[in-house]
Each structure stands twice: as structure tokens, then as C-alpha cells.
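In UniProt numbering, the protein residues as written are 1 to 161.
Heads up, the beta-carbon is just placed ideally off N, CA and C, and yes, glycines get one too.
Quantities reported herein were computed from a predicted structural model and do not represent experimental measurements.
Okay, structure first, notes after.
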């Protein structure tokens with residue numbers, strides 16, 4: 001049976017301050033620029049959740065959308081929408097609430113929960129995509145998807161000066 005991918009898009013607004021406790025104040029300003037504002041700054045994020053699985057012959061769907069929406073509401077919207085991400089327990093410490101790290105946390109939660117949406121447990125998380133601005137977006141492929149992108153031969157890369 002072929003595997004199909006289904007992507008659902010969610011919107012949330014949240015604020016954060018990019019500040020690494022391991023850096024001094026000047027290093028933080030140099031590293032994060034305006035994103036190091038002591039009061040934080042906000043974004044209107046778009047989060048895409050892509051799941052992969054067989055198409056159910058009875059419903060014609062890959063995933064039960066109301067169940068996926070309920071999961072997103074509980075684990076994404078209710079948790080982060082209209083919140084300052086630095087106050088979230090995951091980001092309260094050394095874990096800088098960058099959009100990349102937000103993606104890691106969303107991927108971690110959905111990777112564990114998505115298989116439970118399907119009684120046959122064949123549904124898997126494929127990808128998390130977060131659009132932070134019209135120019136910046138971040139993709140995280142779920143474990144197992146990344147292996148396909150790693151070249152068999154490693155080429156020496158030169159650092160960019």
C-alpha cells in the first residue's frame with residue numbers, strides 16, 4: 001500500500017527573547033542583535049505538521065483531521081499562542097527559544113503523539129515546518145527521514161570566512 005503525506009497548517013502568535021545564559025551581555029547583543037531586546041519581540045508563526053501513512057481504504061484519509069487538530073490545539077496552540085516562550089519550562093534555562101529550538105520541541109512532542117492518532121499505529125510524523133517571517137522558515141525532518149539526506153561519501157567542506 002502506498003504511503004501518502006498530509007500537511008496541516010496552524011497559526012500562532014508568540015514572543016521570545018534570544019539570550020544565551022552562557023554568553024555575556026555584549027556577546028548576546030552581538031549574536032542576536034535586535035532579537036536580544038530585554039522585553040522580547042513577537043512573531044506570527046505558521047507551523048506545518050506533515051504526517052505520513054497509508055490511506056485508509058474506508059475513509060480515504062491518511063489521518064483523522066479532527067484528532068490531529070485536537071493534538072495541535074493541546075500541544076501547540078494552547079501551549080504557545082499569545083505566550084512569551086521564555087516562560088515555557090523547556091526554554092526556561094539554557095535552551096534558547098529560537099525558532100529552530102521551537103521546532104525541535106514541537107517535533108519531539110508530535111513524534112511521540114502522532115502514532116497514537118491511528119489505531120493501527122502506522123501513522124508517523126514526517127516533517128515540522130515553522131515559518132517565522134516571510135523570509136525565514138525552518139524544516140525539521142523526523143528521525144528516519146534524515147538518513148535519506150546524508151550522502152554516502154563525505155566531502156570536506158571549507159569554512160566560509
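Beta carbon of residue i nearer than 8 Å to that of residue j
i: residue 80; j: residue 140; result: no
i: residue 123; j: residue 114; result: yes
i: residue 33; j: residue 86; result: no
i: residue 43; j: residue 82; result: no
i: residue 68; j: residue 116; result: no
Three-state secondary structure assigned by DSSP to residue i
i: residue 3; result: strand
i: residue 161; result: Low local confidence applies: a pLDDT of 43 at residue 161 is under 50, so the model's placement there is unreliable, and no value is given.
i: residue 58; result: coil
i: residue 48; result: strand
i: residue 32; result: helix
Own chain partners of residue i with C-beta closer than 7 Å, once the 5 adjacent residues on each side are dropped
i: residue 28; result: 19, 20 and 36
Neighbourhood of residue i by C-beta distance below 8 Å, restricted to the same chain and skipping five residues each side
i: residue 55; result: 1, 2, 4, 61 and 62
i: residue 135; result: none
i: residue 23; result: 31
i: residue 104; result: 140
i: residue 132; result: 43, 45, 99 and 138
Close beta carbons around residue i, own chain, < 6 Å, minus the five adjacent residues each side
i: residue 77; result: 12
i: residue 17; result: 40 and 86
i: residue 149; result: With a pLDDT of only 43 at residue 149, under 50, the local geometry of the prediction cannot be trusted, and the value read off the model is given with reservation. Nothing listed; no residue qualifies.
At least 3 beta-carbon pairs within less than 8 Å: the region 6–24 vs the region 42–54: yes
Stretch pair the region 87–98 + the region 120–128: three plus CB contacts closer than 8 Å: no
Segments of 3+ residues assigned as beta strand (DSSP E) that fall wholly inside the region 97–130: none
Inter-stretch contact at 8 Å, needing at least 3 Cβ pairs: the region 110–121 / the region 63–77: yes
Those runs of the alpha helix (DSSP H) which lie wholly inside the region 64–93 and span at least 4 residues: Correct list: 65–72.
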